[in-house]
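In the numbering used here, the protein residues as written are 980 to 1117. No residue lacks a Cβ here, since even glycine has one placed at the ideal position from N, Cα and C. Please read these numbers as outputs of a predicted model, since none were measured by experiment.
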Amino acid sequence: MFEWGKKDALKRCTQIYAEVNDDFKNIKGIAYNLECCLKNKYSECVIVSEGEDIGFVVGNIFFWDEEKYVKIDEICIKTGFQKKGYGSILLKEFEEKMRLKGVKTIYFEHYVDEGLDKFYSQNEYIIATDKRMRYKVF
980 MFEWGKKDAL KRCTQIYAEV NDDFKNIKGI AYNLECCLKN KYSECVIVSE GEDIGFVVGN
1040 IFFWDEEKYV KIDEICIKTG FQKKGYGSIL LKEFEEKMRL KGVKTIYFEH YVDEGLDKFY
1100 SQNEYIIATD KRMRYKVF
């Protein structure tokens, strides 16, 4: 059910993302972003399959002092498999492997979305109160 590693991950993850976001026109840009994440020496990728690839998590391990952190760069579940527990199962698998590697914290950012807020809350992720995301649009 779970496949760890980077072999064929770029192609497979890009295909999943393209299916979920079929209205997204810049799939080459997404492929490039995923490729940059996967090239990192400390990147991790897990793909969940059930006869077909249905979702993935890509994240990178970072080091701060003696602590290891993981930033999830992308998590994606095909539309037909969403709200059926696959996202939670995939996230738990990713968390467990990161724990075994000595990671203490997983973090990520996501757009404001009620469904995402519910999903991450149900998986025991909390909203950081000590950090802010800032950006500048040109």
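Local Cβ density within 10 Å of residue i, reported as buried at 16 or more and exposed below that
i: D1032; result: buried
i: C992; result: buried
Whole-angstrom distance between residue j and residue i, CA atom to CA atom
i: G1030; j: Y1090; result: 30 Å
i: E982; j: T1084; result: 22 Å
i: Y1021; j: G1081; result: 13 Å
i: G1034; j: K986; result: 15 Å
i: V1036; j: D1052; result: 8 Å
i: Q1109; j: F1060; result: The identity of residue 1109 in the sequence shown is Asp, whereas the question assumes Gln. Cα-Cα distance, rounded: 34 Å.
i: D1044; j: R1113; result: 24 Å
i: A1107; j: E1088; result: 10 Å
i: V999; j: T1058; result: 6 Å
Nonlocal neighbours in the same chain, by C-beta distance under 8 Å from residue i, ignoring five residues either side
i: G1074; result: The sequence given here places Glu at residue 1074; Gly does not occur at that position. Excluding residues within five positions, the ones whose Cβ falls inside 8 Å are I1085.
For residue i, the nearest candidate out of the options (CA to CA)
i: Q994; options: M980, G1038, K1018, I1056; result: I1056
i: G1038; options: E1046, Y1048, V1027, E1023; result: E1023
i: K1050; options: L1017, I1009, Y1114; result: L1017
i: I1026; options: E1045, A997, Y1065; result: Y1065
i: Y1011; options: E998, A988, R1111; result: A988
i: Y1099; options: I1054, R1078, M1077, F1117; result: I1054
Sheet register partners of residue i (DSSP bridge)
i: G1034; result: V1027, I1056
i: S1022; result: N1039
i: I1121; result: Because the chain is modelled from 980 through 1117, residue 1121 falls outside the range shown and cannot be assessed.
i: F1098; result: Bridge partners of F1098: none, in fact.
i: E982; result: I1026
Cβ neighbours of residue i in the same chain (closer than 6 Å, five flanking residues each side left out)
i: N1102; result: S1067, L1070
i: K1047; result: I1040, G1081, V1082
i: I1009; result: Y996
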